[in-house]
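Visitor: Numbering (numbering that gives the first Met the number 0), first residue to last: 0 to 262.
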Amino acid sequence: MEGLQNPRSIRQLNSRIVACRLCPRLVKHREAVAAAPPRRYLGQRYWARPLPGFGDPRARLLLVGLAPAAHGGNRTGRMFTGDRSGDWLFDALHHAGFANRPTSEHRDDGLSLADAYITAAVHCAPPFNKPTLSEIGRCEPYLLTELRLLTEVRVVVGLGRIGWQAYLRGRQALGAPRERPAPKFGHGAVTRFADGMTLIATYHPSQQNTFTGKLTRPMLRGIFETARRLLDRAGSEPSRSDRPAGAGVPPPSASARGAARRA
Ligand code: SF4
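1) What does DSSP give as the partner residues of residue 199 in its beta bridges?
2) Does any heavy atom of the ligand SF4 sit closer than 8 Å to the C-beta of residue 63?
3) Between the segment 126 to 134 and the segment 95 to 110, are three or more C-beta pairs nearer than 8 Å?
4) Can you give me the start and stop residues for the alpha helix (DSSP H) that residue 141 sits inside?
5) Going by DSSP in three states, residue 61 sits in which element: helix, strand or coil?
6) Going by Cα to Cα distance, which pick from 160, 55 and 128 is closest to residue 8?
7) Could you tell me the boundaries of the alpha helix (DSSP H) in which residue 118 lies?
8) Ordered along the chain, which non-local residues of its own chain (more than five positions away) have a Cβ less than 7 Å from that of residue 85?
9) Would you say residue 269 touches the ligand SF4, meaning its beta carbon is less than 8 Å from a heavy atom?
10) Decide if the segment 110 to 118 is in contact with the segment 23 to 43; the criterion is three or more beta carbon pairs, one per stretch, under 8 Å apart.
11) Which residues does DSSP pair with residue 54 in a beta bridge?
12) Taking the straight line between their C-alpha atoms, what separation do you get for residue 191 and residue 234?
13) So, for residue 67: in the same chain, excluding its five sequence neighbours on each side, which residues have a beta-carbon less than 6 Å away from its beta-carbon?
14) Quick one: what's residue 98 bridged to in DSSP?
15) Quick check on this structure: which residue in 128, 14 and 5 has the alpha carbon closest to the alpha carbon of residue 32?
16) Step through the CB atoms of chain B and report whether any lies within less than 9 Å of the CB of residue 32.
17) Any heavy atom of the ligand SF4 closer than 8 Å to the CB of residue 122?
18) By Cβ distance, which residues of its chain are closer than 7 Å to residue 46, with the 5 residues on each side in sequence left out?
19) Taking the alpha-carbon positions, what's the residue 157 to residue 87 distance?
20) Among the residues of its own chain, which have a CB less than 7 Å from the CB of residue 13, if the five just before and after it don't count?
21) In whole angstroms, what is the alpha-carbon distance linking residue 199 and residue 23?
Shown next as structure tokens:
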């Protein structure tokens with residue numbers, strides 16, 4: 000069981016995540032919505048558990064979202080799958096060559112990601128899509144472990160302010176210095192770090208943003224076109240795993256190691 004105490008691979012980490020019941024409010028919610036689905040999903044068997052990350056464990060592009068949707072990922076069992084947010088996101092990922100299909104309908108639809116991995120600040124569907132700060136904190140060790148295990152990542156896209164902040168906080172928890180001046184969230188904002196990582200901010204492809212026109216398809220596609228350009232440019236540089244120790248995000252502090260070990 001040692002592997003599950005301190006995951007050594009994304010697969011081990013994900014098997015840990017899907018069994019997690021640390022947040023009583025979220026456990027109750029994810030199961031309650033599955034027990035009383037809307038008419039259009041009547042008869043479907045919901046996943047109703049935490050969602051593992053999804054994608055390529057050797058990815059250079061990492062996406063950090065907010066949390067699964069109650070009748071999207073919480074129903075289908077895969078990040079951004081079975082809801083309108085996923086339609087927008089995978090259209091943009093496919094357009095930039097990170098996904099083999101522009102749609103994400105269910106776990107057996109043949110969708111795969113190339114050079115991209117999707118995770119979230121919180122792995123369970125929260126009521127009204129709003130996790131509390133303590134729930135975000137409780138789920139953070141999983142993100143820290145992903146940041147440790149996804150050694151090839153060069154570019155991170157923060158999907159919405161909460162996902163963007165989760166990555167910034169995660170870097171600092173792993174020992175990276177606080178940025179001065181502090182990065183500001185805004186659609187298309189690009190932050191370059193001294194260790195070679197780049198963070199791109201985007202509005203979340205939630206219906207609240209897409210229905211109102213705050214986020215358009217060309218705007219979202221543009222984010223992943225930028226990510227693709229940055230990765231193409233970085234192609235000739237050594238990967239994080241090839242660099243000497245200390246060249247990337249500094250080794251985790253003792254407290255960060257403790258938090259990540261919980262994952
Ligand atoms: S939100 Fe994260 S920490 Fe909380 S129960 Fe779900 S997986 Fe566990």
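No residue lacks a Cβ here, since even glycine has one placed at the ideal position from N, Cα and C.
Guide: Taking the geometry as given:
1) Taking the first residue of the sequence shown as 1, we reach residue 199 at position 200. Beta-bridge pairing links residue 199 to 156 and 189.
2) Your numbering for residue 63 matches position 64 in the sequence shown. Look at residue 63: its beta carbon is at least 8 Å from all of the heavy atoms in the ligand SF4.
3) Cβ pair count under 8 Å is below three, so no.
4) Position 142 of the sequence shown, counting from 1, holds the residue named residue 141. Looking at the DSSP string, the run of the alpha helix (DSSP H) that includes residue 141 is 132 to 148.
5) The residue you call residue 61 lines up with position 62 of the sequence shown. Three-state DSSP puts residue 61 in a strand.
6) Here residue 8 refers to the residue found at position 9 of the sequence shown. For the residues 160, 55 and 128, the minimum Cα distance to residue 8 belongs to 55.
7) Position 119 of the sequence shown, counted from the start, is the residue given in the question as residue 118. Per DSSP, residue 118 is not a residue of any alpha helix (DSSP H); the beta strand (DSSP E) it occupies stretches across 115 to 119.
8) Translated into the one-based positions of the sequence shown, residue 85 becomes position 86. The beta carbon of residue 85 sits closer than 7 Å to those of 71, 79 and 103, all from its chain and outside the five residues before and after it, given in chain order.
9) With the chain covering only 0 through 262, there is no way to say anything about residue 269.
10) Segments in contact, no.
11) Walking along the sequence shown from the start, residue 54 turns up at place 55. Beta-bridge pairing links residue 54 to 116.
12) Sequence index remark: in the sequence shown, residue 191 carries index 192 (1-based). Sequence index remark: in the sequence shown, residue 234 carries index 235 (1-based). Rounded to the nearest angstrom, the two C-alpha atoms are 16 Å apart.
13) Here residue 67 corresponds to residue number 68 of the sequence shown, with the count starting at 1. If you ignore the 5 residues before and after residue 67, its C-beta comes within less than 6 Å of the C-beta of 50, 73 and 124, all in its own chain and listed in chain order.
14) The residue you call residue 98 lines up with position 99 of the sequence shown. Answer by DSSP bridge pairing, in chain order: 112.
15) The sequence position of residue 32 within the sequence shown is 33, counting from 1. Of the candidates 128, 14 and 5, the one whose C-alpha sits nearest the C-alpha of residue 32 is 128.
16) No chain B appears in the structure shown, which is made up of a single protein chain.
17) Translated into the one-based positions of the sequence shown, residue 122 becomes position 123. Yes, the beta carbon of residue 122 sits closer than 8 Å to at least one heavy atom of the ligand SF4.
18) Here residue 46 corresponds to residue number 47 of the sequence shown, with the count starting at 1. Exclusion of the five residues before and after residue 46 leaves 73, 74, 75 and 76 as the residues of its chain whose Cβ lies within less than 7 Å of its Cβ.
19) As a first step, residue 157 must be located in the sequence shown, where it is residue number 158. As a first step, residue 87 must be located in the sequence shown, where it is residue number 88. Each residue's Cα considered, the two are about 15 Å apart.
20) Counting from one through the sequence shown, the residue named residue 13 turns up at place 14. The residues 51 and 52, in chain order, have a CB closer than 7 Å to that of residue 13 in the same chain once the five nearest residues on each side in sequence are set aside.
21) For the purposes of this step, residue 199 is taken as the residue at position 200 of the sequence shown. For the purposes of this step, residue 23 is taken as the residue at position 24 of the sequence shown. Cα to Cα, the separation comes out at about 33 Å.
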